[in-house]
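Working notes, structure below.
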Amino acid sequence: MHEQWYDPSNPEEREIMNNVSPALNCNAITQPLFIVQGANDPRVNIDESDQVVIALRDRGIDVPYLVKYNEGHGFRHEDNRIELYSIMMGFLAQYLK
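Sequential numbering from 0 applies to the sequence shown in numbering that gives the first Met the number 0.
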């Protein structure tokens, strides 16, 4: 999929891709992170989010992870949005003190 945004054969574009890749930059994340994933997301594969969650949790970072199997890139179902906002508000209340 990255070929849609970057040309991996171009060294400059590959460097940009590597610099913005969450999976390749997990070591720079030191604070809790709330990750939200639609399992049907055509842009962000759930396996990529799983990798980030595992890498951060392995380092002891708190990573609440909300996956909705009936969503894609963005939550369209109202019940899922309500749950997302509720969890997000709790996360922000806990960590933004």
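Heads up, the beta-carbon is just placed ideally off N, CA and C, and yes, glycines get one too.
**Asked** What residue range is occupied by the uninterrupted beta strand (DSSP E) comprising tyrosine 64?
**Response** Here residue 64 is taken as the residue at index 65 of the sequence shown, counted from 1. From DSSP, the beta strand (DSSP E) with tyrosine 64 extends over 64 to 67.
**Asked** Quick one: what's got a C-beta closer than 7 Å to aspartate 40's C-beta in the same chain, skipping five residues either side?
**Response** Translated into positions along the sequence shown, residue 40 becomes position 41. Once the five neighbours on either side are set aside, the close Cβ partners of aspartate 40 are Gly71 and His72.
**Prompt:** Do you know how far the Cα of aspartate 61 is from the Cα of leucine 32?
**Reply:** Numbered from 1 along the sequence shown, position 33 holds the residue referred to as residue 32. Numbered from 1 along the sequence shown, position 62 holds the residue referred to as residue 61. Approximately 7 Å, taken between the alpha carbons.
**Item:** Expected contact under 8 Å - CB spacing of lysine 67 and asparagine 79 to nearest Å
**Value:** As a working mapping, residue 67 is identified with position 68 in the sequence shown. As a working mapping, residue 79 is identified with position 80 in the sequence shown. In this structure lysine 67 is in contact with asparagine 79, their Cβ atoms being roughly 5 Å apart against a cut-off of 8 Å.
**Asked** Would DSSP call methionine 89 helix, strand or coil?
**Response** One-based indexing of the sequence shown puts residue 89 at position 90. The sequence given here places glycine at residue 89; methionine does not occur at that position. Correct three-state label for glycine 89: helix.
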